[in-house]
Amino acid sequence: MRHLLFAILSIVAYCCSPPFNNFHYLDNATLLHKTIAAVNAKLDLGWAHVVGRTSPVTPWPVNGLQITFVGFCYADALTKSKLQDTFAAAWRRWHNKIGNAGPGQGHSLGGFHNDVDEKGKSLWCFMEHNIDMIWNPAIRADALVVAILPGRYGSASLTGYRPNEW
Numbered sequence: 032m033r034h035l036l037f038a039i040l041s042i043v044a045y046c047c048s049p050p051f052n053n054f055h056y057l058d059n060a061t062l063l064h065k066t067i068a069a070v071n072a073k074l075d076l077g078w079a080h081v082v083g084r085t086s087p088v089t090p091w092p093v094n095g096l097q098i099t100f101v102g103f104c105y106a107d108a109l110t111k112s113k114l115q116d117t118f119a120a121a122w123r124r125w126h127n128k129i130g131n132a133g134p135g136q137g138h139s140l141g142g143f144h145n146d147v148d149e150k151g152k153s154l155w156c157f158m159e160h161n162i163d164m165i166w167n168p169a170i171r172a173d174a175l176v177v178a179i180l181p182g183r184y185g186s187a188s189l190t191g192y193r194p195n196e197w
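For the sequence shown, position 153 matches number 184 in our numbering, and the numbering has no gaps at all.
What follows is the structure, given as structure tokens:
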């Protein structure tokens with residue numbers, strides 16, 4: 032039982048967004064309070080978390096039928112080839128559990144929408160063959176980016192919608 036509790040707490044600590052999973056704060060409440068104040072004072076630097084209620088993150092917007100379709104794009108062809116089937120299977124599994132979106136269903140998530148060109152071919156989030164990762168202007172600015180980042184481990188996801196003005 033102790034091992035299970037330790038494992039659960041370790042996972043929770045690992046999943047916490049930096050800087051709060053840093054062990055420098057373990058016995059230094061003053062430093063922790065200074066860090067929290069610094070994070071809350073500079074939200075425009077791009078880091079925010081929904082737990083503290085100081086985040087501009089909101090639920091994804093609904094359309095005229097009160098249904099949410101999350102627009103997304105793949106970062107590149109490699110990402111699409113590796114993750115497309117997994118992404119689709121995950122959505123099917125999720126949809127099977129939550130059902131169709133609607134006022135009586137308790138949620139508005141209707142699915143995901145992949146931006147494509149006039150021929151139905153996927154548009155990449157970033158300009159092709161561009162090492163600087165310049166955003167593709169054909170993709171809406173609030174699209175969810177699905178990417179494989181070489182040299183990194185683990186995974187990350189958005190926890191909500193970030194309005195364009197943020």
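Even glycine gets a Cβ: it sits at the ideal position worked out from N, Cα and C.
**OP:** Rounded to whole angstroms, what's the CA-CA distance from C156 to G137? Just pull it up for me.
**Re:** Within the sequence shown, numbered from 1, the residue matching residue 156 stands at position 125. Within the sequence shown, numbered from 1, the residue matching residue 137 stands at position 106. Going from the Cα of C156 to the Cα of G137 covers about 31 Å.
Subject >> Local conformation of L109 per DSSP, three classes >> reply: On the sequence shown, position 78 is the one that residue 109 refers to. Residue state, collapsed to three classes: helix.
Original post:
In three-state terms, what does DSSP make of N145?
Top reply: As a first step, residue 145 is located in the sequence shown; it is residue number 114 there, counting from the start. It is a strand residue.
**OP:** To the nearest angstrom, report how far apart S153 and N167 are at their CA atoms.
**Re:** For the purposes of this step, residue 153 is taken as the residue at position 122 of the sequence shown. For the purposes of this step, residue 167 is taken as the residue at position 136 of the sequence shown. So the alpha carbons of these two residues sit roughly 12 Å apart.
Original post:
Does DSSP put L140 in a helix, a strand or coil?
Top reply: Taking the first residue of the sequence shown as position 1, residue 140 is located at position 109. Three-state result, L140: strand.
**OP:** Report the three-state DSSP secondary structure of W122 (helix, strand or coil).
**Re:** Here residue 122 refers to the residue found at position 91 of the sequence shown. Looking at W122 - three-state DSSP - the assignment turns out to be helix.
**OP:** State the CB to CB distance for the pair N145 and F103, rounded to an integer number of angstroms; the pair is presumed to be in contact (CB under 8 Å).
**Re:** As a first step, residue 145 is located in the sequence shown; it is residue number 114 there, counting from the start. As a first step, residue 103 is located in the sequence shown; it is residue number 72 there, counting from the start. With a Cβ gap of about 6 Å, N145 and F103 count as contacting.
**OP:** Tell whether a beta-carbon distance below 8 Å holds between F143 and V101.
**Re:** Start at 1 with the first residue of the sequence shown, and residue 143 comes out as number 112. Start at 1 with the first residue of the sequence shown, and residue 101 comes out as number 70. Closer than 8 Å, so yes.
Original post:
From the DSSP output, which residues share a beta bridge with L175?
Top reply: Along the sequence shown, read from residue 1 onward, the residue named residue 175 stands at position 144. L175 pairs with F103.
Subject >> Cutoff 8 Å; reference T99; Cβ partners in own chain excluding five residues on either side >> reply: To locate residue 99, count along the sequence shown from 1; it is residue 68. Once the five neighbours on either side are set aside, the close Cβ partners of T99 are P90, W91, P92, V93, A132, S139, L140, G141.
Subject >> Spatial distance of T117 from A108 (CA atoms) >> reply: Along the sequence shown, read from residue 1 onward, the residue named residue 117 stands at position 86. Along the sequence shown, read from residue 1 onward, the residue named residue 108 stands at position 77. Whole-angstrom Cα-Cα distance: 15 Å.
**OP:** Tell me, to the nearest whole angstrom, how far the beta carbon of A169 is from that of T110; I am working on the premise that it is less than 8 Å.
**Re:** On the sequence shown, residue 169 is found 138 positions in, with the first residue counted as 1. On the sequence shown, residue 110 is found 79 positions in, with the first residue counted as 1. Contact doesn't hold; Cβ gap of about 17 Å is too wide.
Original post:
Out of curiosity, what's the CA-to-CA distance linking A120 and A68?
Top reply: The residue you call residue 120 lines up with position 89 of the sequence shown. The residue you call residue 68 lines up with position 37 of the sequence shown. Each residue's Cα considered, the two are about 41 Å apart.
Subject >> Where G133 sits in the DSSP three-state scheme >> reply: To locate residue 133, count along the sequence shown from 1; it is residue 102. In this structure, G133 counts as strand in the three-state DSSP scheme.
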